[in-house]
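Asker: Numbering (the UniProt record's numbering), first residue to last: 1 to 607.
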Amino acid sequence: MDLDLDIPSSKSSVASSSCIQSPVSPTSQQSAGSGQKRNKEWLHHADHHTVDSFFSMDLMRQQGLLCDVVLKVGEKVIPAHRLVLASCSPYFHAMFTNEMAECHKSEVTLHDIDATAVELLVAFAYTSEIKITEDNVQYLLPAASLLQLHSVRDACCRFLATQLSPSNCLGIRRFADTHGCFDLETSSKRFVLQNFNYVVDAEEFAQLKFEEVEELVSSEDLVVSEEDGFQAIIKWISSDQNKRRKHLYSLLKHIRLPLTSRDFVAQFVACHPLIQVSPECKDLVIEAMKYHLLPDQRASLQSPRTKPRQHTGSTPMLFAIGGGSLFAIHSDCECYNSKTQTWLPVSSMNIKRARLGVAAVGSYIYAVGGYDGSNDVAVVEKYNTQLNSWVQVASMGTRRSCLGVVTCNGLIYAVGGYDGASCLNSAERYDPLTDTWTSIAAMSVKRRYVKLAVVDDSIFAVGGYDGSAHLSSIEKYNPETNTWTMMPAMISPRSSMGVAVLDHSLHVLGGNDGGMCLSNGERFNAEISMWEPFPSMGMRRSTHDAVTMEGDLYVIGGNDGSSSLNSVERYDSKLHLWVDLPHMSMRRSSVGVAVANVLNPDLFGGQ
């Protein structure tokens with residue numbers, strides 16, 4: 001039908017007919033008298049039409065008007081409109097359109113579903129709203145799953161995730177698994193693993209099956225001390241000892257007994273009646289005691305039980321500890337998250353210091369020795385990344401600043417340095433399991449401003465300053481034989497450089513050669529037993545630190561010869577170039593740096 005309208009020429013006619021004029025598109029306007037084109041269509045959209053219509057249909061449902069089906073659930077009768085149910089629920093769509101028996105029935109009986117839940121879900125089909133509570137969620141979720149109302153099912157899962165507690169998380173996890181709620185099952189399991197110390201006190205823990213307990217205690221994501229893990233196993237077995245004692249070894253083999261204290265193994269594990277009657281469990285005790293009593297042989301005593309749990313949900317973060325600038329020595333610390341590319345403050349050390357050594361063991365970071373502004377110190381502090389707190393542990397046997405520190409097979413080595421009077425070639429080793437320091441063989445050369453790195457269970461002491469010259473020499477320490485061996489010297493003498501290991505190769509970055517700060521680097525090629533040049537950093541640096549994180553090299557802070565630095569660079573091992581990163585919050589020369597995996601990065605930044 002042609003709806004073009006002739007526009008009357010009289011002013012009165014125009015005025016009286018203005019209400020039916022078609023709108024004019026700006027692109028189709030023509031000058032007056034040349035014939036003006038007008039749209040032949042006008043799309044009208046009523047914003048609230050759908051909402052108003054469903055509101056009206058819901059009123060009719062409540063009044064029983066035009067309802068063409070009744071849902072019978074137990075004793076409850078629920079009137080509804082087929083069209084509404086079929087349009088919202090694939091379950092009802094199939095029922096009413098696929099020539100099923102219910103297709104032509106005015107009354108449909110639903111089995112194995114909660115009547116109140118169905119009533120709530122039918123109302124949801126009309127209103128798009130539903131109230132989920134602690135009282136109805138366990139009935140509502142399976143009903144929503146059956147009727148394929150996925151948005152309600154997902155909302156129930158999200159609600160349950162907010163209700164997780166140590167007393168109900170195991171039950172919620174089982175409930176989620178039964179109904180195929182993958183995200184809820186995953187979040188419930190994560191909650192169990194991260195709150196295991198509290199979960200073991202819940203009644204549900206004692207009711208777990210062996211397979212369920214084994215899954216938990218064997219998980220790399222279990223957040224618990226190994227001592228508490230052992231106690232949890234004993235508690236579960238003791239709740240039904242006659243039936244469960246046969247599972248003791250199968251569970252205990254997942255506990256890192258070598259990483260517990262020697263006193264705990266001797267006083268609580270070895271003496272436990274259940275352990276004493278199990279030859280297999282006794283073997284695990286012997287393994288742990290050997291690990292404690294023979295620290296020099298730990299490289300050959302490695303097993304899955306000697307490695308800390310590697311939490312898959314953790315985030316590797318770089319920690320910058322202490323250091324100094326022109327007029328200050330810092331106790332402040334900060335950490336870098338490569339995912340967000342941000343620096344965040346963390347708890348400060350109890351003692352300010354620069355020229356310290358830093359190393360990580362599991363989720364702990366150790367700040368070793370250093371200079372506090374007045375004295376060279378032997379003090380050692382331990383930082384807990386889960387609690388964001390520092391505690392003091394056993395001090396070294398010798399005061400050391402400008403020392404080299406590294407972790408090897410769970411032990412911390414402190415080598416060389418300066419004691420306030422002379423350069424040192426002495427070395428000592430710290431065992432976190434016993435909180436004790438032990439002297440080891442001295443290096444052949446006195447070295448301050450020395451750096452350490454580990455390659456294939458051997459410790460390399462690189463460069464340094466002997467009191468009269470900057471050194472290019474390198475020594476390698478064998479922990480099993482307690483001996484040092486001279487290695488091929490670097491191309492350039494260096495002290496105060498950064499040293500890190502990438503792809504099983506030593507990398508030496510920057511430093512001071514006695515005349516200037518350096519930006520160049522070198523890499524040890526083990527295949528030909530020679531040093532070769534490595535791409536230069538973007539700027540000169542000495543008294544900085546270097547680490548490897550996520551397959552790339554990082555250099556942090558230091559001094560460029562005239563001022564302390566807060567800048568950071570990353571060597572992209574895929575692109576083979578250096579990239580500038582966000583700066584630290586403060587300048588840090590003579591800084592200590594370590595990388596640790598953090599379970600809860602959100603813990604930081606609130607100081």
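For every residue, glycine included, the Cβ atom is placed at its ideal position computed from N, Cα and C.
Evaluate contact between the stretch 293–309 and the stretch 473–491, counting only Cβ atoms and requiring at least three cross-stretch pairs below 8 Å.
Answerer: Touching, per the Cβ criterion.
Asker: If I measure Cβ to Cβ from Met516 and keep anything under 8 Å in the same chain, skipping five residues before and after, which residues do I get?
Answerer: Mapped onto the sequence shown, residue 516 falls at position 516. For Met516, where only same-chain residues beyond five positions count, the Cβ hits under 8 Å are Arg540 and Gly561.
Asker: Can you name, in chain order, every residue of its own chain whose Cβ lies under 6 Å from the Cβ of Met487, other than the five neighbours on each side?
Answerer: Residue mapping note: residue 487 aligns to position 487 of the sequence shown, counting from 1. Closer than 6 Å at Cβ, skipping near neighbours: Ile474 and Lys476.
Asker: Report the CB separation of Ala500 from Leu553 in whole angstroms; it is logged as a contact under 8 Å.
Answerer: For the purposes of this step, residue 500 is taken as the residue at position 500 of the sequence shown. For the purposes of this step, residue 553 is taken as the residue at position 553 of the sequence shown. With a Cβ gap of about 6 Å, Ala500 and Leu553 count as contacting.
Asker: Whole angstroms are fine: how far does the CA of Asn197 sit from the CA of Met289?
Answerer: Counting from one through the sequence shown, the residue named residue 289 turns up at place 289. Counting from one through the sequence shown, the residue named residue 197 turns up at place 197. Those two C-alpha atoms are separated by around 25 Å.
Asker: Taking the DSSP output, what are the residues bridged to Tyr336?
Answerer: Within the sequence shown, the letter at position 336 stands for residue 336. BP columns for Tyr336 point to Leu318 and Trp343.
Asker: Can you give me the C-alpha to C-alpha distance between Val137 and Gln302, rounded to a whole angstrom?
Answerer: Indexing the sequence shown from 1 puts residue 137 at position 137. Indexing the sequence shown from 1 puts residue 302 at position 302. If I take the Cα positions, the gap works out to 48 Å.
Asker: Does the pairing of the stretch 199–209 with the stretch 176–187 give three or more beta-carbon distances under 8 Å?
Answerer: Touching, no.
Asker: Given that a residue counts as buried once 16 or more other Cβ atoms are within 10 Å of its Cβ, and exposed if not, what is Asn566?
Answerer: Along the sequence shown, read from residue 1 onward, the residue named residue 566 stands at position 566. By the neighbour-count rule (16 or more Cβ atoms within 10 Å), Asn566 is buried.
Asker: Strictly by DSSP, which residues pair up with Gly324?
Answerer: Counting from one through the sequence shown, the residue named residue 324 turns up at place 324. BP columns for Gly324 point to Ile329 and Ser589.
Asker: In or out: Asn39 buried (at least 16 other Cβ within 10 Å) or exposed?
Answerer: Here residue 39 corresponds to residue number 39 of the sequence shown, with the count starting at 1. The residue is exposed, with fewer than 16 neighbouring Cβ atoms inside 10 Å.
Asker: Give the straight-line distance between the Cα atoms of His292 and His504, rounded to the nearest whole angstrom.
Answerer: The residue given as residue 292 occupies position 292 in the sequence shown. The residue given as residue 504 occupies position 504 in the sequence shown. Computed Cα separation, rounded: 28 Å.
Asker: Roughly how many angstroms lie between the CA atoms of Tyr465 and Arg305, to the nearest whole one?
Answerer: As a position in the sequence shown, residue 465 is number 465, starting the count at 1. As a position in the sequence shown, residue 305 is number 305, starting the count at 1. Going by the C-alpha atoms only, they are around 40 Å apart.
Asker: Using a Cβ-Cβ cutoff of less than 6 Å, which residues in the same chain neighbour Ser31 once the five nearest sequence positions on both sides are dropped?
Answerer: Position 31 of the sequence shown, counted from the start, is the residue given in the question as residue 31. Any reading at Ser31 needs caution, since the residue's pLDDT is 46, under 50, leaving its predicted position unreliable; the model's value is listed next. Cβ neighbours of Ser31 beyond the five flanking positions: none.
Asker: For the candidate residues Cys157, Thr434, Leu193 and Val199, whose alpha-carbon lies nearest to that of Val265?
Answerer: As a first step, residue 265 is located in the sequence shown; it is residue number 265 there, counting from the start. Answer by Cα proximity: Thr434.
Asker: Below 7 Å between beta carbons: does that hold for Tyr449 and Ser496?
Answerer: The residue labelled residue 449 in the question sits at position 449 within the sequence shown. The residue labelled residue 496 in the question sits at position 496 within the sequence shown. Yes; because the gap between Cβ atoms is below 7 Å, this pair is in contact.
Asker: Within its chain, find whatever has a CB closer than 6 Å to the CB of Gln392; leave out the 5 residues flanking it on each side and keep chain order.
Answerer: Along the sequence shown, one-based indexing puts residue 392 at 392. Around Gln392: Glu381.
Asker: Check for me: the beta strand (DSSP E) holding Ala546 runs from which residue to which?
Answerer: In the sequence shown, counting from the first residue as 1, residue 546 sits at position 546. Its beta strand (DSSP E) spans residues Asp545 to Met549.
Asker: Could you check the C-alpha separation between Glu569 and Val462 for me, to the nearest Å?
Answerer: Locating residue 569 in the sequence shown gives position 569, counting from the first residue. Locating residue 462 in the sequence shown gives position 462, counting from the first residue. Rounded to whole angstroms, Glu569 to Val462 spans 21 Å at the Cα level.
Asker: Take the Cβ of residue 649 as the centre, count every other Cβ of all protein chains shown within 10 Å, and call the residue buried at 16 or more, exposed below.
Answerer: Coverage of the chain is limited to positions 1 through 607, which leaves residue 649 absent and any answer about it impossible.
Asker: Since Val192 contacts Arg173 with CB under 8 Å, what's their CB separation in whole angstroms?
Answerer: Stepping through the sequence shown from its first residue, residue 192 is reached at position 192. Stepping through the sequence shown from its first residue, residue 173 is reached at position 173. About 6 Å; that satisfies the 8 Å criterion.
Asker: On a Cα-Cα basis, can you pick out the residue from Ser422, Ser225 and Tyr91 that is closest to Leu257?
Answerer: Looking up residue 257 in the sequence shown gives position 257. Of Ser422, Ser225 and Tyr91, the residue nearest in Cα terms is Ser225.
Asker: Is the stretch 311–330 close to the stretch 581–597, with three or more CB pairs under 8 Å?
Answerer: The stretch 311–330, when compared against the stretch 581–597, does touch it at the 8 Å Cβ threshold.
Asker: By DSSP, does His470 sit in helix, in strand, or in coil?
Answerer: Sequence index remark: in the sequence shown, residue 470 carries index 470 (1-based). In this structure, His470 counts as strand in the three-state DSSP scheme.
Asker: How many Å lie between Ala421 and Val269 at the Cα?
Answerer: As a working mapping, residue 421 is identified with position 421 in the sequence shown. As a working mapping, residue 269 is identified with position 269 in the sequence shown. Their backbone Cα atoms lie some 47 Å apart in a straight line.
Asker: How close, in whole Å, do the beta carbons of Val73 and Leu110 come, if the pair is a contact with beta carbons under 8 Å?
Answerer: Numbered from 1 along the sequence shown, position 73 holds the residue referred to as residue 73. Numbered from 1 along the sequence shown, position 110 holds the residue referred to as residue 110. Contact holds; Cβ gap of about 5 Å.
Asker: Between the C-alpha atoms of Lys253 and Cys281, what's the straight-line distance to the nearest angstrom?
Answerer: Taking the sequence shown and counting its residues from 1, one reaches residue 253 at position 253. Taking the sequence shown and counting its residues from 1, one reaches residue 281 at position 281. Taking the straight line joining both Cα atoms gives about 8 Å.
Asker: Exposed or buried, which one is Met584 when buried takes at least 16 other CB atoms within 10 Å?
Answerer: In the sequence shown, counting from the first residue as 1, residue 584 sits at position 584. Under this definition Met584 is a buried residue.
Asker: Does the stretch 372–379 come close enough to the stretch 392–410 that 3 or more CB-CB pairs lie under 8 Å?
Answerer: With a cut-off of 8 Å, the stretch 372–379 and the stretch 392–410 count as touching, because enough Cβ pairs lie within range.
Asker: Could you please give the first and the last residue of the uninterrupted alpha helix (DSSP H) stretch that includes Asn242?
Answerer: In the sequence shown, the residue the question calls residue 242 occupies position 242. Asn242 -> alpha helix (DSSP H) spans Gln241 to Arg244.
Asker: Please list, in chain order, all residues of the same chain as Lys189 whose beta carbon is under 7 Å from its beta carbon, the five residues on each side excluded.
Answerer: In the sequence shown, residue 189 corresponds to position 189, counting from 1. Contacts found: Arg173.
Asker: Classify Thr483 as helix, strand or coil using the three-state DSSP reduction.
Answerer: Position 483 of the sequence shown, counted from the start, is the residue given in the question as residue 483. Three-state result, Thr483: strand.
Asker: List the endpoints of the continuous alpha helix (DSSP H) containing Asp58.
Answerer: As a first step, residue 58 is located in the sequence shown; it is residue number 58 there, counting from the start. Its alpha helix (DSSP H) spans residues His49 to Gln63.
Asker: Would you kindly report the start and end of the unbroken beta strand (DSSP E) that includes Phe460?
Answerer: Working through the sequence shown from its first residue, we reach residue 460 at position 460. Ser458 to Val462 is the span of the beta strand (DSSP E), which, as asked, contains Phe460.
Asker: Let me check one thing: in DSSP terms, what residues is Lys72 bridge-paired to?
Answerer: Residue mapping note: residue 72 aligns to position 72 of the sequence shown, counting from 1. Lys72 is bridged to Val77 and Thr109.
Asker: Which of the three DSSP states is assigned to residue 653 in this structure?
Answerer: Outside the modelled stretch of the chain, which goes from 1 to 607, sits residue 653, for which no answer is possible.
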